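Engineer:
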Amino acid sequence: KAGVTQTPRYLIKTRGQQVTLSCSPISGHRSVSWYQQTPGQGLQFLFEYFSETQRNKGNFPGRFSGRQFSNSRSEMNVSTLELGDSALYLCASSLMPGGPNEQYFGPGTRLTVT
Amino acid sequence: AQSVTQLDSQVPVFEEAPVELRCNYSSSVSVYLFWYVQYPNQGLQLLLKYLSGSTLVESINGFEAEFNKSQTSFHLRKPSVHISDTAEYFCAVTTNTGFQKLVFGTGTRLLVSP
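Here the protein sequences come in this chain order: A and B.
Start counting the first sequence at 37; every next residue gets the next number (the working numbering).
Start counting the second sequence at 88; every next residue gets the next number (the working numbering).
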């Protein structure tokens with residue numbers, strides 16, 4: 037079974053631009069979560085989606101948004117990019133939402149904002 | 088809210104020596120605990136998890152962790168490390184509230200030298 041895939045793997049954008057990152061969960065997984073990883077803040081939770089609904093959101097500004105499609109694929113969007121948005125963005129999928137359900141992580145998208 | 092503390096940012100060790108990576112958590116509700124490993128330029132891989140039952144959990148590659156509720160700890164141990172164990176290790180906690188959000192520690196970089 038294929039793992040979680042994220043596209044693109046690397047991205048370079050300029051301040052003020054917007055960006056869309058894509059995540060395809062493991063086949064059969066219906067819950068998708070996003071995390072941001074930076075050297076300064078570590079791993080921080082962005083959002084959780086299940087059945088096309090955002091169930092939980094971390095402490096990030098409104099410039100960060102996301103959505104989930106009927107096939108469970110998910111996208112996240114960052115508008116008006118800032119230098120501080122440079123990070124590794126990780127997507128994780130699980131069969132169902134809820135703490136005991138194991139989350140499988142993708143390789144991440146490394147976003148560099150110049 | 089939950090929090091995770093990994094006091095050691097870096098742990099150098101010689102090959103075949105034992106190692107312990109420390110993790111302490113804080114939570115007012117019951118938790119599920121996880122250890123993830125991250126190799127350079129890769130996503131996170133689940134190493135082991137504690138959901139309930141036996142407080143000692145083991146992974147297939149020789150790591151083990153023990154849940155200690157009274158000390159709110161979930162330390163990771165391996166009796167004999169290999170060069171290939173060099174990576175960053177993250178302790179994470181989530182709760183049984185039905186949400187998927189993982190709260191991560193700041194990570195411990197394990198450096199195994201010959």
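Yeah, the Cβ is synthetic: ideal placement off N, Cα and C, and Gly gets one too.
The structure presented is a predicted model; accordingly, all values stated were derived computationally and were not measured.
Strictly by DSSP, which residues pair up with residue 187 of chain B?
Structural biologist: Partner(s): none; residue 187 of chain B has no beta bridge.
Engineer: Is the CB-CB distance between residue 85 of chain A and residue 73 of chain A below 8 Å?
Structural biologist: At least 8 Å separates the beta-carbon of residue 85 of chain A from that of residue 73 of chain A.
Engineer: Mind checking if residue 193 of chain B is an interface residue toward chain A, Cβ cutoff 8 Å exclusive?
Structural biologist: yes
Engineer: Output needed for residue 181 of chain B: all residues of its chain with C-beta closer than 8 Å, excluding positions within five of it in sequence on either side, in chain order.
Structural biologist: Beyond the five residues adjoining it in sequence on each side, residue 181 of chain B comes within less than 8 Å, by CB distance, of 89, 118, 119, 121, 187, 188, 189 and 190 in the same chain, given in chain order.
Engineer: Name, in chain order, the residues that DSSP records as bridge partners for residue 162 of chain B.
Structural biologist: B:153
Engineer: With distances taken Cα to Cα, identify the nearest neighbour of residue 170 of chain B among B:94, B:136, B:137 and B:100.
Structural biologist: If we check each option's Cα against that of residue 170 of chain B, B:100 comes out closest.
Engineer: At the 8 Å Cβ level, is residue 143 of chain B part of the contact set with chain A, yes or no?
Structural biologist: no
Engineer: Hey, would you say residue 194 of chain B sits closer than 8 Å to residue 92 of chain B, going by beta carbons?
Structural biologist: no
Engineer: Residues in the stretch 124 to 139 of chain B with C-beta within 9 Å of chain A's C-beta atoms, listed in sequence order?
Structural biologist: Within the stretch 124 to 139 of chain B, the qualifying residues are 125, 128, 129, 130, 131, 132, 133, 136, 138 and 139.
Engineer: How is the beta strand (DSSP E) around residue 59 of chain A delimited, first residue to last?
Structural biologist: 55 to 60
Engineer: Rounded to a whole number of angstroms, what is the C-alpha to C-alpha distance between residue 89 of chain A and residue 130 of chain B?
Structural biologist: 25 Å
Engineer: Does the separation of the CB atoms of residue 66 of chain A and residue 117 of chain A fall below 8 Å?
Structural biologist: no
Engineer: For residue 178 of chain B and residue 115 of chain A, I'd like the C-alpha separation in whole angstroms.
Structural biologist: Distance between the alpha carbons of residue 178 of chain B and residue 115 of chain A is about 31 Å.
Engineer: Less than 8 Å between the CB atoms is what I'm expecting for residue 135 of chain A and residue 183 of chain B, so what's the real figure, rounded?
Structural biologist: 5 Å
Engineer: Going straight from the alpha carbon of residue 94 of chain B to that of residue 162 of chain B, what length do you get?
Structural biologist: 11 Å
Engineer: So residue 102 of chain A packs on residue 126 of chain A, CB below 8 Å; how close in whole Å?
Structural biologist: No, residue 102 of chain A and residue 126 of chain A are not in contact; Cβ-Cβ is about 13 Å, not under 8 Å.
Engineer: For residue 119 of chain B, which residues in chain A fall below 7 Å Cβ to Cβ?
Structural biologist: 135 and 136
Engineer: Taking Cβ-Cβ distances below 7 Å as the criterion, which residues of the stretch 74 to 90 of chain A are in contact with chain B?
Structural biologist: 78, 79, 81 and 84
Engineer: Classify residue 156 of chain B as buried or exposed, calling it buried when 16 or more other Cβ atoms lie within 10 Å of its own Cβ.
Structural biologist: exposed
Engineer: Does the separation of the CB atoms of residue 146 of chain A and residue 46 of chain A fall below 8 Å?
Structural biologist: yes
Engineer: Could you tell me how far apart the beta carbons of residue 168 of chain B and residue 106 of chain B are, in whole angstroms, since I believe they sit closer than 8 Å?
Structural biologist: 5 Å
Engineer: Name the two residues that bound the continuous beta strand (DSSP E) containing residue 127 of chain B.
Structural biologist: From DSSP, residue 127 of chain B is part of no beta strand (DSSP E); its letter is neither H nor E.
Engineer: What do you get for residue 115 of chain B, buried or exposed, if any count of 16 or more other CB atoms within 10 angstroms of its CB means buried?
Structural biologist: exposed
Engineer: Going by the CB atoms, is the gap between residue 137 of chain B and residue 174 of chain B shorter than 8 Å?
Structural biologist: Cβ atoms of residue 174 of chain B and residue 137 of chain B: not closer than 8 Å.
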